[in-house]
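> With the numbering used here, letter number 9 in the sequence shown gets 198, and the count goes up by one each step, no holes.
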Amino acid sequence: MRVAFDTAPLAETAAGRRFPFGVRRACAGLLAALTERGRIEVVPMAPEPDESPLIWRQKRLPARLESARVAGFHSSVSAFPILGRGKRVQTVHEAPWRFGVAENAGWKHRSWAAMGPLLADAVLCPSTHTKQALMHSVLGGGAKIAVCPWGVEESFQDESPPGVVDEVMLSRYALPEGPFALCLGAVRKKKNLPALLHGLLEHMQSGAAGLPVIVTGEETADLRRDLGLVSRLKLSRWVRTPGVILPADLPSVLRLATVVVVLSHSEGFAFPVLEALASGTPVLVSKDSAQAELAGAEGIVVDPEDPTSVAEGLGRALAEREALRYTLAARAAEFSWARCARQVEELWLGWQR
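#1: Which residues bound the alpha helix (DSSP H) around Ala437?
#2: Examine the Cβ distances between the stretch 500-513 and the stretch 222-232 and report whether three or more of them are shorter than 8 Å.
#3: Could you tell me the alpha carbon to alpha carbon distance between Pro351 and Trp296, rounded to whole angstroms?
#4: Please determine, among Ala500, Trp339, Thr430 and Leu373, the residue with the shortest C-alpha to C-alpha distance to Leu223.
#5: Using only CA atoms, which one of Arg361, Ile434 and Val533 lies nearest to Glu407?
#6: Since Phe210 is in the alpha helix (DSSP H), which residue starts that stretch and which ends it?
#7: At what residues does the alpha helix (DSSP H) containing Thr319 begin and finish?
#8: Ordered along the chain, which non-local residues of its own chain (more than five positions away) have a Cβ less than 6 Å from that of Tyr255?
#9: For Glu240, collect the residues of the same chain with a Cβ closer than 8 Å to its Cβ; drop the 5 residues on either side in sequence, then sort them by chain order.
#10: Considering only the alpha carbon of each residue, which of Arg514, Thr280, Ala217 and Glu501 lies closest to Gly396?
#11: Can you find at least 3 beta carbon pairs, one from the stretch 353-363 and one from the stretch 461-479, that sit closer than 8 Å?
#12: I believe Leu473 touches Leu452 by the beta-carbon criterion, under 8 Å. Please report the beta-carbon distance rounded to the nearest angstrom.
#13: I'd like the list of long-range same chain contacts for Pro209, defined as Cβ closer than 7 Å, with 5 residues on each side in sequence excluded.
#14: Pair every Cβ in the stretch 213-221 with every Cβ in the stretch 513-531, then say whether three or more of these pairs are closer than 8 Å.
#15: Decide if Pro436 is buried, meaning its Cβ has at least 16 other Cβ atoms within 10 Å, or exposed.
#16: What does Cys314 pair with, by DSSP beta-bridge criteria?
#17: Only counting runs of 3 or more residues, tell me where the beta strand (DSSP E) segments fall wholly within the stretch 390-430, in order along the chain.
#18: What does the Cβ neighbour count give for Gln480, buried or exposed, with the cut at 16 atoms within 10 Å?
#19: At the level of alpha carbons, what is the spacing between Pro315 and Trp286?
#20: Just checking my contact of Val402 with Ala370 at CB under 8 Å: how many whole Å lie between their CB atoms?
#21: Between the C-alpha atoms of Leu422 and Leu390, what's the straight-line distance to the nearest angstrom?
#22: So for Pro233, helix, strand or coil by DSSP?
#23: Which word fits Val281, buried or exposed, when buried means at least 16 other C-beta atoms lie within 10 angstroms of its C-beta?
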């Protein structure tokens, strides 16, 4: 069975526009797993660098699908070609507008999320949290929506591989030698860094020692705004911004961290949650969120609107870090790319029977 697979999130554009990092990772992870397993023949399709995504999807792709003689088109995002041969699978990663988040909540995404289930043969969401949010937005076709969680890379382990010395990262990224909280990519408003900052202040005002906070990612206007809050709260000595962590270095940094904090206003899946658990590092997650769903009983669930709750979560992470280290990875192991690929294969092969 031949299936066209949307690799647009992985393609370079002439204007330098990029899909969100999580979308790119989901696309790459599923594509690699399907290709390795080989149960269906994956035919990658993506626009040219200077090609309009709209024209590519709605005018060029139908002819390509016909000439490739595929069974259909598996979209890695919410948009997909309406015309052309075969089945259609839509992917909706997140419905941020349901949680007051403007990022990735433009009218195009909202429109595809609302109408897509009417036109597609199946719709995949990476978490039950996202599915439930999407159900409030669709115009119909809700019965087609299924949950298909993404996976965690095998490079994330709770023990360092032979020949790898995690402590090398301390100097490479100017990390503290003692405990620290890690906020991956918290340079965007939706990541809700202020919730951690207010919780940290409460934690310290209760008499606890200060806890360094490491915020990774590129410099952004949102980060500069949050650093202003850091200054006003008199937390400057506790917050460091080392920039982007190289993917090859991330497993080591995660093992070194005391706690990984993911208090985002909106997430569809939250890769850092599973990567931290796989690395044996506790995660602080927001209640009633995709993060909490992924972490399950292994997550430290807090109310991000309540600094006392966040402070108590930090205290628990510090107290239980070593005790939890070798129990967290079992939760992450439930989410593999092989499992994700198997679910996608069964969907497509089911239409062949």
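Ideal Cβ positions, reconstructed from N, Cα and C, are used throughout, including at glycine.
All values derive from a computational prediction rather than experimental measurement.
Reading it off the structure:
#1: According to the DSSP assignment, Ala437 belongs to no alpha helix (DSSP H), since it is labelled neither H nor E.
#2: Touching, no, given that fewer than three Cβ pairs across the two stretches are closer than 8 Å.
#3: Straight-line measurement puts the Cα of Trp296 at about 49 Å from the Cα of Pro351.
#4: The candidate whose alpha carbon is nearest that of Leu223 is Trp339.
#5: Relative to Glu407, the option among Arg361, Ile434 and Val533 whose CA is nearest is Ile434.
#6: Following the DSSP letters along the chain, one finds Phe210 inside the alpha helix (DSSP H) bounded by residues Phe210 to Arg226.
#7: Counting along the chain, the alpha helix (DSSP H) containing Thr319 begins and ends at Thr317 to Met324.
#8: First, the residue type needs correcting, since residue 255 is Glu and not Tyr in the sequence shown. Listed in chain order, the non-local C-beta contacts of Glu255 below 6 Å within the same chain comprise Arg274, local neighbours out to five positions each way being set aside.
#9: Cβ neighbours of Glu240 beyond the five flanking positions: Arg249.
#10: That would be Glu501, whose Cα lies nearest to the Cα of Gly396.
#11: Contact between the stretch 353-363 and the stretch 461-479 is absent, because fewer than three Cβ pairs lie under 8 Å.
#12: The C-beta distance from Leu473 to Leu452 rounds to 7 Å, short enough to meet the 8 Å contact threshold.
#13: Cβ neighbours of Pro209 beyond the five flanking positions: Asn293.
#14: The count of Cβ pairs closer than 8 Å, one atom from the stretch 213-221 and one from the stretch 513-531, reaches three, so the stretches are in contact.
#15: Exposed.
#16: Checking the DSSP bridge columns, you'll see Cys314 partnered with Val336.
#17: The DSSP assignment places 402-405 as complete runs of the beta strand (DSSP E) inside the stretch 390-430, in order along the chain (cut-off: 3 residues).
#18: By the beta-carbon neighbour count (other beta carbons within 10 angstroms, threshold 16), Gln480 is buried.
#19: Take the alpha-carbon of Pro315 and the one of Trp286: they are about 17 Å apart.
#20: Taking C-beta atoms under 8 Å as the contact rule, Val402 and Ala370 qualify, at a distance of about 5 Å.
#21: If I take the Cα positions, the gap works out to 7 Å.
#22: Note: Pro233 maps to strand in three-state DSSP.
#23: Counting Cβ neighbours within 10 Å, Val281 comes out buried, since at least 16 surround it.
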